[in-house]
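According to numbering that gives the first Met the number 0, the sequence shown holds residues 0 to 163 in order.
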Amino acid sequence: MQIRKATMNDLPDILAIYTYAREYMKEHGNPDQWKDNYPPLELTTQDIRSGCLHVCIIRANDRERIGGVFYFHPEEDPDYLNIDGSWLNSCPYAVVHRVATAPDTKGIATFCLNWAYEQFPNIKIDTHDDNIPMQHLLAKLGFICCGHTTLKSGDSRLIYQKAE
0 MQIRKATMND LPDILAIYTY AREYMKEHGN PDQWKDNYPP LELTTQDIRS
50 GCLHVCIIRA NDRERIGGVF YFHPEEDPDY LNIDGSWLNS CPYAVVHRVA
100 TAPDTKGIAT FCLNWAYEQF PNIKIDTHDD NIPMQHLLAK LGFICCGHTT
150 LKSGDSRLIY QKAE
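Written as structure tokens, this is what we have:
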């Protein structure tokens, strides 16, 4: 597996992965996190153009394909300024958002999150209270639940951090 920045040529595959992820979340008790159109095309295009959207390339049957997608960037997230809880530290950090994997893949999200941590060993991420698979993955990878935040949309999210 390898990680690279997404390009506009990747857009159809990324949109297909996001569609699959929305259905997967609905089927696994999390119908509200991404609802019916998140992330929207405009945001995905903006993420690609900004250089912050990354894809995980996998090789299967002698061909490469996109196995996962995620947003990664060292930045201060305004949704993380006022939280119900306490961060592990107040050092500069990178965020990971919009993690999604293709059908019939295993270990992609783990690979992506580990890669992000190797690039910047202070990561913050959030997820929905109903996203049990992501919560388990974050705990398995050493992320600590630091409380809750309220997004600009008004939705509540569990917040996690992993730091050196």
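Heads up, the beta-carbon is just placed ideally off N, CA and C, and yes, glycines get one too. Fair warning: this is a prediction, and the values are worked out from it, not measured in the lab.
Asked	Found
DSSP beta-bridge partners of residue 72	94
Beta-carbon gap between residue 82 and residue 6 smaller than 7 Å	no
Buried versus exposed call for residue 40 [16 or more other C-beta atoms within 10 Å across all chains shown]	exposed
Distance, residue 22 Cα to residue 65 Cα	18 Å
contact_flag[the segment 55-75, the segment 100-115] where n(CB pairs < 8 Å) is 3 or more	yes
Residue interval of the beta strand (DSSP E) (run including residue 125)	121-126
Range covered by the alpha helix (DSSP H) that runs through residue 111	107-118
C-alpha gap between residue 19 and residue 87, whole angstroms	33 Å
Boundaries (first-last residue) of the beta strand (DSSP E) holding residue 53	52-59
Option in 158, 133 and 58 with minimal Cα separation from residue 143	158
Beta-bridge pairing of residue 79 - partner residues as DSSP gives them	In DSSP, residue 79 forms no bridge with anything.
Contacting residues, own chain, Cβ-Cβ under 6 Å from residue 92 (five flanking each side not counted)	121 and 123
Exposure of residue 131, with buried meaning 16 or more beta-carbon neighbours within 10 Å	exposed
Heavy atom of the ligand ZN within 6 Å of residue 45 beta-carbon	Absence of the ligand ZN from the depicted structure is noted, as is the absence of any ligand whatsoever, leaving it without description.
Residue 28 versus residue 136: straight-line alpha-carbon distance, rounded	16 Å
Selection from 138, 62 and 146 that minimises the alpha carbon distance to residue 0	62
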